[in-house]
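Visitor: One structure, as structure tokens, below. Some questions next.
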Amino acid sequence: MAGEPVPALVWCPFPDDEAALAAIHLLLDERLIACGNVLGPITSVFVWNGEKGTGRETGALLKTNSDLLDAAVKRLAEIHPYEEPAVVGWRCDAAAAGTAAWLAVIAGNA
-2 MAGEPVPALV
8 WCPFPDDEAA
18 LAAIHLLLDE
28 RLIACGNVLG
38 PITSVFVWNG
48 EKGTGRETGA
58 LLKTNSDLLD
68 AAVKRLAEIH
78 PYEEPAVVGW
88 RCDAAAAGTA
98 AWLAVIAGNA
């Protein structure tokens, strides 16, 4: 049905587990996500300010829905400890029916 929220994901690296967990708890409390997974450690290889670098980070994968995706990305960028965090979000093309139903009801969207 048109207009119903679809599952969406947000990916973001953090300096450590504690920072990732703090952000996940805040976004859960604000009802912008339904779940967050802490993944790591990960090795990031990047170019920042013209310099190539490598660092150990903790990844976070956050589950939300399309109605809340932009707000979740914006809020995560605001609370993140990095000056310019890499925060990306996308709408999912496919999800199990139960997952889609669960994510549709975040913040009373259903």
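Read in the working numbering, the sequence shown has 5 at position 8, and its numbers run on one by one without any break. Built from N, CA and C at the ideal position, the CB exists for glycine as well.
(1) Output the residue ranges of the beta strand (DSSP E) runs that lie fully inside the region 1 to 56 and measure 3 residues or longer, sorted by chain position.
(2) Out of Glu75, Val85, Ala97 and Thr61, which one is the CA nearest neighbour of Trp8?
(3) Figure out for me which residue from Gly0, Glu54, Asp14 and Leu23 has the closest Cα to the Cα of Ile76.
(4) Give me the Cα-Cα distance between Glu1 and Ser41, rounded to the nearest whole angstrom.
(5) Just confirm the distance between the C-beta atoms of Leu29 and Arg72, as a whole number of angstroms; I'd bet it's less than 8 Å.
(6) Closest to Arg53 by C-alpha separation, out of Phe11, Leu6, Ala19 and Asp26, would be which residue?
(7) Hey, Thr61 and Ala31: beta-carbon distance below 8 Å or not?
(8) Can you check whether the CB of Ala5 is closer than 8 Å to the CB of Ala57?
(9) Straight-line CA distance for Leu59 to Asn34?
Guide: The short version:
(1) 4 to 11 and 32 to 45
(2) Along the sequence shown, read from residue 1 onward, the residue named residue 8 stands at position 11. For the residues Glu75, Val85, Ala97 and Thr61, the minimum Cα distance to Trp8 belongs to Val85.
(3) Translated into positions along the sequence shown, residue 76 becomes position 79. When only C-alpha atoms are compared, the closest one is Leu23.
(4) In the sequence shown, counting from the first residue as 1, residue 1 sits at position 4. In the sequence shown, counting from the first residue as 1, residue 41 sits at position 44. Cα to Cα, the separation comes out at about 36 Å.
(5) Here residue 29 refers to the residue found at position 32 when the sequence shown is read from its first residue. Here residue 72 refers to the residue found at position 75 when the sequence shown is read from its first residue. About 6 Å; that satisfies the 8 Å criterion.
(6) Locating residue 53 in the sequence shown gives position 56, where the first residue counts as 1. It is Phe11.
(7) In the sequence shown, counting from the first residue as 1, residue 61 sits at position 64. In the sequence shown, counting from the first residue as 1, residue 31 sits at position 34. Taking 8 Å as the Cβ cut-off, Thr61 and Ala31 qualify as a contacting pair.
(8) Reading the sequence shown from its first residue, position 60 is the one you call residue 57. Reading the sequence shown from its first residue, position 8 is the one you call residue 5. The answer is no: Cβ separation not under 8 Å.
(9) Within the sequence shown, numbered from 1, the residue matching residue 59 stands at position 62. Within the sequence shown, numbered from 1, the residue matching residue 34 stands at position 37. For Leu59 and Asn34, the distance between alpha carbons rounds to 6 Å.
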